[in-house]
Amino acid sequence: MAKTDKPELLQGTLDLLVLKVLELGPRHGYGIAVRLEQISDAVFQVNQGSLYPALVRLEQQGWIHSHWGASENNRRAKYYSLTRSGRLQLQAETERWERFSGAMGRLLSQVPG
Amino acid sequence: MTTPTLRPGLLQGLRVMAAKVRGLFGRRRRAAELDEEIEFHLAELVATYEQEGLSATEARRAAARRLGMAERVREGVRRERGLPALESFLNDALFGCRMLRRSPLVAALAVGSLGLGLGASSSIFNVIDAVMLSWLPGVHHADELVVLKRREPLGTTTIFSAPEIAALERECPAAAGFAAFTRTDSLQVRLLGNGASGSPDWVNSQLVSARFFATLGVSALEGRLFAGADGGAPGSDSVVVVSDEFRRARFGRDGRAIGHALEINGEPFTIIGVTSPRFHGVEVGLAPSIYLLSDAQYRLHYQGSVSSMNHPNLKAPWSPQSKISWLDVMARLAPASRPEVLAAQASAVARRFAVLNSDPGDVDDERRVRTLRIFTEAGKAGVSALRERSLERSLLILGCGALLLVLIACVNTANLLLARGTARRREIAVRLSQGANRWRVARQLLTESLVLATLGGGLGLLLSAWGSRLLVRLVFGGAELDLSLSLSRFAFVAAIALLTALLCGLAPTLEASRLSLTTSLKEGALSSNPSRGRLRIPFARLLVVTEVALSVVLIVGAGLFVRSLHNLQTVDPGYARHAVLFASLWAPEPAPDLVHTTNTRHALEERLAAVPGVASVSFSTNRLVTDNHRFQSVIVEGRSIPSGTVHCEVLTVTPAFFPTLGIHLVAGRGFTTGDREHGHRVAIVNQNAAGHMLGGAPAVGQHIRFGRNEEPIEVIGVARDVRSSSLRELPPETVYLPAAQTEDMLHDIEIRTSVAPATMMSAVRSVVRSFAPGYLLTDVVTVEDHLDRSLRQDQSLARLTGFFAIVALMLAAGGLYGVIAYGVARRRREIGLRFALGARKGQVLGLVLRETLLLAALGTVIGGVAARFGAQVASEWLFELTPNDPLTLVVAVLVVLACAALAGYAPARRAASVQPLTALRSE
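Taken in sequence, the protein lines are chains A and B. Under our numbering, residue 419 is the last one in the first sequence; the count climbs by one each step, no gaps. Under our numbering, residue 990 is the last one in the second sequence; the count climbs by one each step, no gaps.
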């Protein structure tokens with residue numbers, strides 16, 4: 307694993323990514339980590355350990371909620387799923403990101419002069 | 068750059084907060100769940116890696132790397148979940164409490180010594196706060212009040228005449244109002260009417276101006292308070308306002324006071340109102356029970372402190388006379404006005420009055436007018452006789468002593484914590500090695516000292532409730548001060564306790580932060596030689612040396628006060644210190660004149676002198692060593708004195724005064740019964756006055772006058788200078804006048820006894836009672852007790868600093884013992900080896916004792932130097948003693964070294980009784 311050339315996640319973006327992953331359905335922590343890596347590994351380095359504090363944070367906000375269930379190989383695992391307000395939040399944040407990144411992109415691609 | 072984060076609104080914030088607070092509870096269950104989650108995560112990772120072809124060990128290692136250190140994940144979640152700062156603080160505090168419970172003796176010692184120091188300092192702060200800092204209660208916007216003072220060539224006074232105050236009210240737009248009042252005095256009060264008890268009582272009373280209550284903004288609980296219209300109105304000299312306390316004491320909790328009649332100094336008065344229960348007057352420490360209008364002065368025969376210019380008529384009512392100054396003044400500043408403006412306006416008024424009252428052509432008067440100036444001081448804390456410089460000074464000294472005590476307690480506690488910290492090196496090292504950061508460990512240690520300091524502070528608060536009362540009794544001889552806990556007083560204790568916590572925790576924390584991981588763990592593993600690291604020893608010794616030094620400072624201070632007190636108790640005042648009884652005589656109202664008709668006085672004098680055991684009896688206007696003084700300007704005939712006149716204390720006495728008190732005359736003759744009312748006027752001056760006025764020329768035969776137009780008085784004798792105003796000072800210039808030639812009231816009696824004076828008290832009382840009904844003897848006291856009472860402040864300083872010093876000494880000895888005993892325990896092996904190599908018991912004993920004394924000596928030297936500087940604070944207080952008094956210093960050093968030797972003896976004995984074989988085998 308080459309660590310050096312992958313930028314750390316921007317602060318706050320991890321939360322958004324987690325919401326995005328959970329949009330497709332409930333997952334346990336490991337599942338979220340795997341999925342996160344699949345969709346972002348090419349670009350970001352995700353520290354799996356920092357996932358858990360983010361989950362707590364999101365749960366406190368009321369955007370996700372958790373329940374215990376059985377995993378694929380029948381072990382007890384904690385599953386997280388998006389709540390209704392989490393879904394709204396994801397929508398709002400996605401729009402904001404798009405506006406922001408679009409603006410940044412335009413700004414940075416301008417030819418000086 | 069701002070990144071678009073998930074921004075919560077206010078409601079969202081509240082929701083998160085609630086979740087975090089919930090997160091503080093059920094932590095154990097959550098922690099277990101998180102562990103399970105992490106375990107699951109790891110298992111999944113391992114399974115994945117194994118599928119990729121890694122061996123089981125490699126897979127596990129890779130998985131751990133992938134997820135990160137489990138402890139770090141837990142820490143991250145914990146931080147997110149609850150309120151980490153609060154949580155870890157609570158954890159630390161709980162842990163600290165558990166550690167303290169495990170060593171209760173250490174904890175008790177630390178909390179006890181801190182509590183004592185904090186209690187002492189907060190008691191002193193409470194008193195300082197009550198006397199100097201607190202705002203007047205029950206007064207509207209006390210911060211707008213100022214006290215008016217008058218600067219004259221002879222010094223600063225606070226009193227004004229009634230017409231002057233009326234002019235101030237008219238001519239000073241910078242003030243919204245003026246409140247004039249006399250200093251609180253006690254008057255004889257009898258309650259009249261149904262259900263009233265017949266016996267008269269002495270009650271604190273105050274004469275006030277009509278606008279007094281209105282200016283202060285005091286509200287009435289019942290009836291009405293004085294109003295502006297009351298001044299000079301018919302009947303204004305027969306109404307009173309009483310305090311709520313007086314109402315409750317006399318009429319019961321729900322009783323009504325208004326309309327009731329009182330007899331004050333024999334004159335009838337009616338209660339028209341009761342003040343709000345919050346109001347306790349404007350004089351700190353003296354809450355008047357009765358307020359009378361200043362117009363009542365004449366009816367009451369009130370003769371309080373007064374300063375007069377040029378032949379006033381003290382027998383006539385004072386209110387209309389501008390030559391008699393007798394009222395203190397406070398003013399409320401008008402909105403948007405400034406104290407300087409008011410001072411300028413008031414100065415103009417006061418100067419006009421001074422011109423009006425001065426004798427044309429009198430140099431002294433002219434100078435007085437020229438330099439007269441009114442200035443203001445903040446009035447929010449009221450006025451107070453308790454705020455004298457000497458009292459402030461003694462509180463300051465005691466405050467310094469108490470803070471030193473706190474410091475010593477801190478050092479002691481630091482030492483205890485340090486010793487325990489050493490025992491805990493391994494624990495700390497383990498925590499550091501597991502990834503806890505040093506700041507976290509330091510915080511843990513600081514929290515522990517905070518727990519100690521908090522407990523100590525609590526104890527200190529409890530102690531101060533009692534201590535501040537004790538202090539008031541000792542230093543002020545009792546005063547009604549509000550000593551209850553207030554926010555500022557609590558804040559003071561809290562601040563000092565916090566500082567204490569920092570100081571106590573500093574040394575152990577510093578040491579922990581210097582801890583080297585590898586050596587500590589290794590040591591721990593060996594565990595038989597817990598302190599090979601050399602860190603602890605210099606630290607602990609440094610602290611002990613500090614402790615010794617601080618206690619030397621306290622002991623020197625206490626020693627100085629004790630010696631100074633002793634000097635005061637043994638100084639020759641120039642009059643008899645034994646075998647004299649003082650008493651004050653109060654004639655029944657309304658017949659005060661009886662006391663100063665020569666015949667009555669003579670009769671009483673003869674009756675008293677006839678009592679077996681009484682050698683002689685005299686009367687005087689004032690007893691010796693009192694706060695009441697009368698000063699008058701004296702002109703010497705045919706001499707020019709640079710200042711024009713000499714300000715002399717005037718004391719009117721009967722002929723027996725000098726022999727009764729044993730005051731020697733150095734020239735001329737004493738008064739005799741031949742110095743009669745209408746005869747040739749005579750006076751006796753003291754040496755000081757003779758020297759000052761007459762410049763070495765023989766005084767006897769010279770003539771003096773009080774004022775230009777007064778009769779000349781011949782000086783017939785010179786009396787020895789005696790410490791008449793206080794034992795500390797040499798007397799001021801004094802003129803004695805014969806009682807027969809003045810109209811002064813002679814309230815004080817001096818009785819010389821041939822037996823122990825205390826045994827004569829009841830006999831004297833009964834003679835006075837049988838002499839005339841209603842005559843009252845008050846304040847009957849032997850001269851020894853009277854002088855002792857005047858040394859109250861010196862006594863309390865000596866006692867309290869002595870107490871501080873003893874506690875400090877005990878703490879220092881304890882600290883010394885701890886360090887030496889620990890050193891001996893650590894060096895058992897070495898000592899055993901010494902014995903094995905042939906050392907004798909005496910040598911080992913000497914070794915340990917020498918070490919102890921070396922530490923003590925170092926502390927003593929440092930302390931001695933510090934004491935030299937510290938003692939300067941006390942220098943003004945010392946009587947016939949320099950702050951560098953060698954005897955005190957030597958005694959202090961010897962006491963400290965003796966205590967050190969005692970503290971070192973037990974460990975030394977233990978060292979000397981080490982059995983070489985067991986000691987060597989024990990490792």
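Heads up, the beta-carbon is just placed ideally off N, CA and C, and yes, glycines get one too.
In this structure, B/G937 sits away from B/V629, with a CB-CB distance that is not shorter than 8 Å. Per DSSP, the unbroken beta strand (DSSP E) holding B/L843 starts and ends at 843-849. In this chain, the beta strand (DSSP E) harbouring B/Q699 covers 698-703.
For B/V891, the CB contacts under 7 Å within the same chain, skipping 5 residues up- and downstream, are V915, P974, R977, A978 in chain order.
At a Cβ-Cβ threshold of 8 Å, B/R418 and B/L439 count as neighbours. In this model, B/G729 and B/A643 are separated by some 6 Å (Cα to Cα). Along the region 322-348 of chain A, the positions whose C-beta sits under 9 Å from a C-beta of chain B are L322, L325, H334, G335, Y336, G337, A339, V340, read in chain order.
Those residues of the region 381-395 of chain A placed with their C-beta closer than 8 Å to a C-beta in chain B are R381, R382, A383, K384, Q395, ordered along the chain. Around the Cβ of A/H334, a 10 Å sphere holds 16 or more other Cβ atoms; the residue is buried. Distance from the CA atom of B/G926 to the CA atom of B/A625, rounded to whole angstroms, is 18 Å. Three or more beta-carbon pairs separated by less than 8 Å link the region 211-230 of chain B to the region 384-396 of chain B, which places the two stretches in contact. Note that the region 270-281 of chain B touches the region 340-357 of chain B; at least 3 beta-carbon pairs, one per stretch, sit closer than 8 Å. The continuous beta strand (DSSP E) containing B/T443 extends over residues 440-445. Secondary structure note for B/I338: its beta strand (DSSP E) is the uninterrupted segment 334-342.
About 6 Å separates the beta carbon of B/K216 from that of B/E444, a gap short enough to meet the 8 Å contact definition. The contact set of A/R363 on chain B, defined by CB atoms closer than 8 Å, consists of E147 in chain order. Of the residues B/T521, B/F92, B/A723, B/S531, the one whose Cα lies closest to the Cα of B/C164 is B/T521. Counting along the chain, B/Y358 sits inside the beta strand (DSSP E) bounded by residues 357-360.
Setting aside the 5 residues that flank it on each side, B/V275 is surrounded in the same chain by F248, Y358, each with a C-beta closer than 6 Å to its C-beta; the list follows chain order.
In this structure, B/V206 places its C-beta atom within 8 Å of the C-beta atom of B/F346. Between B/V703 and B/M760, the C-beta spacing is below 8 Å. Residues of chain A whose Cβ lies closer than 9 Å to the Cβ of B/F92 do not exist, since the nearest Cβ in that chain is about 14 Å away.
Between B/A986 and B/G899, the C-beta gap is smaller than 8 Å, which places the two residues in contact. Measuring C-alpha to C-alpha distances from B/S310 to each of B/G295, B/G299, B/D297, B/R291 identifies B/R291 as the nearest. Identification of chain A residues near B/L134 by a Cβ-Cβ cut-off of 7 Å yields Q354, G355, ordered along the chain. With a cutoff of 8 Å on beta-carbon distance, B/L548 and B/G352 are scored as near each other. Put simply, the region 471-485 of chain B does not touch the region 112-124 of chain B. Fewer than three CB pairs are less than 8 Å apart. With contacts defined as CB atoms closer than 8 Å, B/S700 and B/F773 qualify as a contacting pair. Judged by pairs of C-beta atoms under 8 Å, the region 360-369 of chain B touches the region 332-350 of chain B, as three or more such pairs exist. Distance check between B/F442 and each of B/R218, B/L554, B/S286, B/H669 places B/R218 closest, using alpha-carbon atoms only. Judged by DSSP secondary structure, B/R772 falls outside any alpha helix (DSSP H) and instead within the beta strand (DSSP E) spanning 770-772. Sixteen is the threshold: since fewer than 16 other Cβ atoms of the shown chains lie within 10 Å of the Cβ of A/N379, the residue is exposed.
By the rule that beta-carbons nearer than 8 Å mark a contact, A/G368 touches chain B. The beta carbons of A/Q366 and B/V83 sit closer together than 8 Å. Cβ neighbours of B/E330 within its own chain (closer than 6 Å, five residues either side excluded): R257, L259. Using a CB distance cut-off of 8 Å, B/Q118 does not count as an interface residue toward chain A.
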